[in-house]
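Protein chains in written order, with the UniProt record's numbering: chain P, 1 to 781; chain U, 1 to 781. All residues carry an ideal CB built from backbone N, CA and C; glycine is no exception. Given the structure is predicted, the values throughout are model-derived calculations rather than measurements.
2 protein chains.
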Amino acid sequence: MPRIQLSALDAHWRAANYLAAGQIYLLDNPLLTEPLRPEHIKPRLLGHWGTSPGLTLVYTHLNRIIKDRGQDTLCIWGPGHGGPAVLAGSWLDGSYTQTYPDVTRDAAGMARLFRQFSFPGGVPSHVAPEVPGSIHEGGELGYSLAHAYGAAFDHPGLLVACVIGDGEAETGPLAASWHSTKFLDPVHDGAVLPILHLNGYKIANPTVLSRLPEAELDALLKGYGHEPLYVTGSDPRRVHRAFAQALDRALDRIDRIKAEAPTAQGRPRWPVIVLRTPKGWTGPETVDGEPVEDTWRSHQVPLAGVRDNPEHLRQLEQWLLSYRPRELFDADGRPTDQVRAGIPEGTKRLGSTPYANGGLRTRSLPIRPLEAFAVPVDKPGTTLHEPTRVLGGLLAGVMADTADRRDFRVVGPDETESNRLGALFAHTGKAWQAKTRPTDHHLARDGRVMEILSEHVCQGWLEGYLLTGRHGLFSSYEAFVHIVDSMVNQHIKWLKTSRALPWRAPIPSLNYLLTSHVWRQDHNGFSHQDPGFVDHVLNKSPEVLRVYLPPDANTLLSVAEHALESRDYVNVIVAGKQPCFDWLSLDEARAHCARGAGIWDWAGTDDGERTPDVVLACAGDVPTQEVLAASALLRAHLPDLAVRVVNVVDIARLMPREEHPHGMPDHAYDALFTRDKPVIFAYHGYPWLIHRLAYRRAGHAHLHVRGYKESGTTTTPFDMVVRNDLDRYRLVMDVIDRVPGLAVRASAVRQRMADARTRHHAWIRDHGTDLPEVASWAWPH
Amino acid sequence: MPRIQLSALDAHWRAANYLAAGQIYLLDNPLLTEPLRPEHIKPRLLGHWGTSPGLTLVYTHLNRIIKDRGQDTLCIWGPGHGGPAVLAGSWLDGSYTQTYPDVTRDAAGMARLFRQFSFPGGVPSHVAPEVPGSIHEGGELGYSLAHAYGAAFDHPGLLVACVIGDGEAETGPLAASWHSTKFLDPVHDGAVLPILHLNGYKIANPTVLSRLPEAELDALLKGYGHEPLYVTGSDPRRVHRAFAQALDRALDRIDRIKAEAPTAQGRPRWPVIVLRTPKGWTGPETVDGEPVEDTWRSHQVPLAGVRDNPEHLRQLEQWLLSYRPRELFDADGRPTDQVRAGIPEGTKRLGSTPYANGGLRTRSLPIRPLEAFAVPVDKPGTTLHEPTRVLGGLLAGVMADTADRRDFRVVGPDETESNRLGALFAHTGKAWQAKTRPTDHHLARDGRVMEILSEHVCQGWLEGYLLTGRHGLFSSYEAFVHIVDSMVNQHIKWLKTSRALPWRAPIPSLNYLLTSHVWRQDHNGFSHQDPGFVDHVLNKSPEVLRVYLPPDANTLLSVAEHALESRDYVNVIVAGKQPCFDWLSLDEARAHCARGAGIWDWAGTDDGERTPDVVLACAGDVPTQEVLAASALLRAHLPDLAVRVVNVVDIARLMPREEHPHGMPDHAYDALFTRDKPVIFAYHGYPWLIHRLAYRRAGHAHLHVRGYKESGTTTTPFDMVVRNDLDRYRLVMDVIDRVPGLAVRASAVRQRMADARTRHHAWIRDHGTDLPEVASWAWPH
């Protein structure tokens, strides 16, 4: 039994419940020092009471085990919409006041705490970045458990408790995350203790897991690889006792697992606690004759008419007084010694753990000089490399140099090898705690490449890892990264908000490598073709977003180095894994990436001096190749045409400076693209994105964009660009159609281009391969 | 034991395997009538062998039970990338030839079948819409089981077999879908038989489920509510026998469940089959000294160098001959009687079931005249209604009138009531097979409102329901519909491809009601604010996409009616659930929605005649209110200014006609928006979307768009529009700033507007509510 008295735990719990309800309702009279009157009540009653008493219970009891055991603990509050509960806990443990000194731990501060909650200009209703001790918002449900595992990886001394609501447990990402048990290394990683909180209801419905027969729920959790411990009840004293015992048993078991881990065979069965308490517990039992406590009616605000309905007001007062606030707070509103008896000290407090402010723990990543990995480029466009394989060397170096620190991981849905990043496996393995067979490759209990066929889990793991201060990269099929559209939304929102909080230290950026991209789905076809993630993220806060389309191996190295060194961004890097011409030496690549967009003198015929007749612009590896091939065709067939080639790596450069920190000023844009010449822009993705970025530019009326327009199937690489009118021949025709006077003068050239497209169609029909002249093409020197 | 001999089953299976391998490799010599030479081999070897022999096994044995029992059966092929297997099955059962008469069921047709596979201009490598008998692509993994349940709902006589790969089983959506057992009504719905195919590997890794201890896997499946049946082996004879027995037991159990259902208490334990066979089974055991069969190396093409490597060529020939093709096909390439012995007839064939061509079974939905639900509007902007509640009446009518037909369902993640669609519950309940308690509301075993807290499962269920010919609507929080971004991508791709296949009958549209939208997240704040789904879908094939932003209740009725009657679209309807002014009578609403965009004469001061000085445009309910309030302010303060108000319901009207079938011709656009007057456009979502749609219009340089710019939190409705510069005062200031000559003349008015914003900030800080003048505003008559 705990050294801290159950009565002290109950006092803390009642205090937290009082504070949670107070935040939802009270504008004034925080200590109920006078009878409750309508003017003490907030004009708009917002927030979620239903989940709150369960969260306060967990906060109270985690305090106790932290204090008893000196255990470093981070808690992920899955039901993050129960913001009042977590705010209450952090106010009680002093973290809140330490973070926000004007919200003092006394009556005045309590009044502020109450007033600011869900109040315009105050704090949000959820466990948002503003809440000390949190790395998880919990508005969009589903990611708590993956976040918890991400936080636990490579933190061997850390306990990550994770409260999972039974609503959230119905989501796909959460359901998949249970299998993280097969990826947690008891030697090198911390422990995750899921606390499945079955309060029975979501918004207006019962939850699936709460209505399973006991045996079925038990089978399910054992099937996930857990040993379940059950705590059920509505009598606080019994629940306190049972929950304290369950926590002790769980932590004892974790200690045993970790002690035995270095010599253990097989995968441990980690504990899970099932906490079954009523929704809206300790709130009004009935309102207006309808049952509320322990039903879906307690989800948000159980008493909705308090300002106008005297009976509701009376019920609220009774409810608040039922916590016996005079026993919990002194006359000045300070929590009594009994309430504070179970609270740990300093950075052990849940509200003050540095694991929840990961930037405080971040170390710069050791990145070897790029020279070690760069490919030599004497002449552009003569050699071919697989860009991601070259990147693999860089990542392998980081992996090697973090072997002891263990603060770098690469995640992906089983594509590290197929995305040509296999060099990593010289320095680490793929994390795997389940059974192995002799034919398996690269599996290792302590591996830092993480592969599970769930983009959701990959993303959640990585977010948790980054939010607790470590580094990483997510390599994904370009099309399927849409699976985490909504997750990246939430992470971007978290970063945007965090950047405005001075006490939150910057964390390593979330780095995406999008490869196996739209243009090279030879095996898979239409379902694997979607370049729209860039469009999706560019809707979000520009201060957080960076999008790079390196055209070759060395530029990929340069942007990857930059991304891995950056903080508080989401970096989206789109790069192919197929052999791709090397255009720039490392030095040239660095200079080009630093500018983000620039003229490739050697590729055009305007000598960098003449005003061009036309600009051929490109962004992305395949479009760059087609633009250079088009430029070579123009040089051969229309040698007096002044063609300028512009390559864009950093797509935000196209935006106005007011809309993105990387946006070019107009004069710089005009210097690259001109104000009045035709610009034929070959873009990797949906063509209208370029228009959306550049519509305010002087030359926009002359901008003509080619890109992917949903014309996809299983076919050859060149057929893909032909189908989408992005091919060299079409680009030359575009030039001829748009440069004034050329239509007549170059009509024979135009016909040759049209003929080449016809020849392509005939050849591919007969041979199933690309035209030899395309397959063997190289930049003419 | 089956009436059909196991030897016949084995013959069918070998024939299907032969055909699957042949599709991956052979360009010619389909029957191996001459020794295999390099020129018989495809130049590009594409496809996925690894999963194929498992799929052919399932095809073979499903044929048998269909024939034995006359059981209507649809199969969802989760590993849809194993296209060759399913194509083989449908060619053998004659469905393929019936659908594509030039691919005859003989040697010439076999040659075509082989050549076209993954060949440019041929058929995709996956089980795409082109494949008869399929409703599921299986490229982006995760949705097979939800599709299966969707297909089974309200099809009481149907068996839906669902092959789930162990790779797919790691995904979130699949993991969540297992709990569909709590939503399948054995009386009114069909049966779903999951066949979990553990072949052990995904791309380069073992799979989680295949490496669980037997007891753990068993517990997991029982935890999902299933009774597992196991079939394990690599000896074909034993596996045939065991799988046939397992299928018989499963179907017997299903028959028993359904027979007992009308009087049974509680939820049945449906069978699941676990089929454990080697990946790449019957393919090359080793290649170049490395083990291939039963390892990850057999995932795609086990022998990669066949054209150049004589040893590989020899191995391929041996492999193909190991199926003993001369026993399987006669000299003309026709499958022998033995191969065909187990194949069912007519529409019972898996490749010919009308359930996989759902449009054939679709009936028009009974929709009552809108007059029954419309709100009376004598004068615009004087009464308020909750638009979605009004829509609820319409939907409830449909629900009532389909009580016997049972071909309409409403899905959503537990928000039907909170989204104000509760009228439905007068005519149906929420589907629920688990335990109930007295405080539950509206739960019913035969309910046709489907609520689970997983947007993935909701979407998957609905897709399966629609693809098999029925109707439905998905009501979602606007922000969280991004959770299914990637799923709607795949559904749009399916529809786009299907529309080009004359044999696929049009199916009911996928209708989204996006409510609880960005402007009204009073309880929830920033994490719940994202209007970007419209941007996401508008990247996709325009012929499939329709986006509506009805400004009030009657316009919502009109677009909903249109959406429910349509076919082969994805209709996205964005509409609020909060009280909203009624602007148009039903007749006006119908006329306005038919036009998609139009001038609201009564709201402007240009009398519909004068050339306006400025156009105030709006799309969405909240922007419409702010524009009308701005128009009223302008009328009061600058009465001689000619203001035109334009409302846009159908957002694609803004696009050029060449880019969307609903796009307006330029003259129509100019007639609405003018070519040269300032247009202040208040848009519901991200403002740049409007630019992206309208950048080609003559007046684009004068277009100024206000919308949501990621400035969100928990706050009041009016504070949200102020934070994002979409409020009436800001719009008036925009007008003054942009109409030539007004800056000086109206500087005092501009100051009053700025003062009103300042007053707002002060008021909200002190009161936490909106300015009384805003809260009580109504259109001035």
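Measuring CB to CB, does Ala8 of chain U end up less than 8 Å from Gln245 of chain U?
Not closer than 8 Å, so no.
If we cut at 8 Å on Cβ distances, does Ile452 of chain U have a partner in chain P?
Judged by the 8 Å Cβ criterion, Ile452 of chain U is in contact with chain P.
Trp779 of chain U and Ala632 of chain U look like a contact to me (Cβ under 8 Å); what is the Cβ gap, rounded to whole Å?
Correct: roughly 7 Å between the Cβ atoms.
Would you say Val208 of chain U lies against chain P (beta-carbon separation less than 8 Å)?
Chain P, which has a Cβ nearer than 8 Å to the Cβ of Val208 of chain U, makes this yes.
Decide yes or no for the touch test of the stretch 73-85 of chain P against the stretch 157-165 of chain P: beta carbon pairs closer than 8 Å, at least 3 of them.
Touching, yes, given that three or more Cβ pairs across the two stretches are closer than 8 Å.
Just tell me which of U:His528, U:Asp535, U:Ala597 has its CA closest to the CA of Thr713 of chain U.
Closest by alpha carbon: U:His528.
With a threshold of 8 Å, are at least 3 pairs of Cβ atoms found where one atom belongs to the stretch 231-240 of chain U and the other to the stretch 271-288 of chain U?
Contact holds: three or more Cβ-Cβ distances are below 8 Å.
Along the stretch 470-486 of chain U, where does the CB come closer than 8 Å to a CB of chain P? Name the residues.
Those residues of the stretch 470-486 of chain U that come within reach of chain P (Cβ to Cβ, closer than 8 Å) are Ala479, Phe480, His482, Ile483, Asp485, Ser486.
Buried or exposed: Ala500 of chain P, going by 16 or more other Cβ atoms within 10 Å of its Cβ?
Answer is exposed; the Cβ neighbour count stays below 16.
By the DSSP assignment, the beta strand (DSSP E) with Val537 of chain U in it spans what residues?
It is not in any beta strand (DSSP E) - Val537 of chain U instead sits in the alpha helix (DSSP H) that spans 533-538.
What first and last residue would you give for the beta strand (DSSP E) that runs through Leu184 of chain P?
Note, Leu184 of chain P: premise wrong, no beta strand (DSSP E); not H, not E.
Does DSSP put Gly172 of chain U in a helix, in a strand, or in coil?
It is helical.
By the 10 Å Cβ neighbour count, where 16 or more other Cβ atoms means buried, how is Glu260 of chain U classified, buried or exposed?
Looking at its Cβ environment, which holds fewer than 16 other Cβ atoms inside 10 Å, Glu260 of chain U is exposed.
Evaluate Gln265 of chain P with the Cβ neighbour count: other Cβ atoms within 10 Å of its Cβ, from every protein chain shown; 16 or more gives buried, anything less gives exposed.
Its Cβ having fewer than 16 others within 10 Å, Gln265 of chain P is exposed.
Rounded to the nearest angstrom, what separates Leu453 of chain P and Phe480 of chain P at their Cα positions?
Cα-Cα distance, rounded: 11 Å.
Would a check of beta-carbon distances place Tyr686 of chain U closer than 8 Å to chain P?
Yes, Tyr686 of chain U counts as interfacial toward chain P.
Within 10 Å of its beta-carbon, does Gln433 of chain P have 16 or more other beta-carbons around it, so buried, or fewer, so exposed?
Gln433 of chain P is buried by the Cβ-count criterion.
Quick check: Lys279 of chain U and Gly225 of chain U, are their CB atoms within less than 8 Å of each other?
No, Cβ-Cβ distance for Lys279 of chain U and Gly225 of chain U is not below 8 Å.
What are the boundary residues of the beta strand (DSSP E) that includes Phe474 of chain U?
First-last of the beta strand (DSSP E) with Phe474 of chain U: 471-477.
Apart from the five residues on each side of it in sequence, which residues of its chain come closer than 7 Å, Cβ to Cβ, to Ala176 of chain P?
These residues qualify, in order along the chain: Ser454, His456, Val457.
Closer than 7 Å by C-beta to Arg112 of chain P: which residues in its own chain qualify, once you throw out the five before and the five after it? Chain order, please.
These residues qualify, in order along the chain: Asp102, Val103.
Under 7 Å between beta-carbons, which chain P residues line up against Lys540 of chain U? List them in chain order, please.
In chain order: Glu710.
Using a Cβ-Cβ distance under 8 Å, would Thr232 of chain P count as near chain U?
No, Thr232 of chain P lies away from the interface with chain U (no Cβ there is under 8 Å from its Cβ).
Quick check on Phe114 of chain U - is its C-beta less than 8 Å from some C-beta in chain P?
Chain P contact via Cβ: absent.
At a CB-CB cut-off below 7 Å, which residues of chain P make contact with Glu415 of chain U?
Near Glu415 of chain U (Cβ distances below 7 Å), the residues of chain P are Ile203.
What residues in the stretch 278-291 of chain U bring their beta carbon closer than 7 Å to a beta carbon of chain P?
Taking 7 Å as the Cβ-Cβ cut-off against chain P, the residues of the stretch 278-291 of chain U that qualify are Pro291.
Which one of P:Asp330, P:Tyr25, P:Ser585, P:Pro262 has the shortest CA to CA distance from Leu320 of chain P?
Looking at the Cα atoms, P:Tyr25 is the closest of the given residues.
Verify whether the separation of the beta carbon atoms of Leu360 of chain U and Ala505 of chain U is less than 8 Å.
Yes, the pair counts as a contact, with Cβ atoms nearer than the cut-off.
Go ahead and label Pro438 of chain P buried or exposed: buried means 16 or more other beta carbons lie within 10 angstroms of its beta carbon, across all protein chains shown.
It is exposed - the Cβ of Pro438 of chain P has fewer than 16 other Cβ atoms within 10 Å.
Look up Leu513 of chain U in the DSSP assignment and say whether it is helix, strand or coil.
Leu513 of chain U falls in the strand class under three-state DSSP.
I'd like the list of long-range same chain contacts for Phe119 of chain P, defined as Cβ closer than 6 Å, with 5 residues on each side in sequence excluded.
Once the five neighbours on either side are set aside, Phe119 of chain P has no close Cβ partner at all.
Can you name, in chain order, every residue of its own chain whose Cβ lies under 6 Å from the Cβ of Arg635 of chain U, other than the five neighbours on each side?
Around Arg635 of chain U: Thr605.
If you measure from the beta carbon of Ser776 of chain P to each beta carbon in chain U, is any gap under 8 Å?
False, the Cβ-Cβ gap to chain U never drops below 8 Å.
Checking contacts by CB at 8 Å: is Leu31 of chain U closer than that to chain P?
Chain P contact via Cβ: absent.
Mind checking whether Glu216 of chain P and Lys222 of chain U have CB atoms under 8 Å apart?
Closer than 8 Å, so yes.
Taking DSSP as the reference, what is the three-state secondary structure of Ala15 of chain P?
It is helical.
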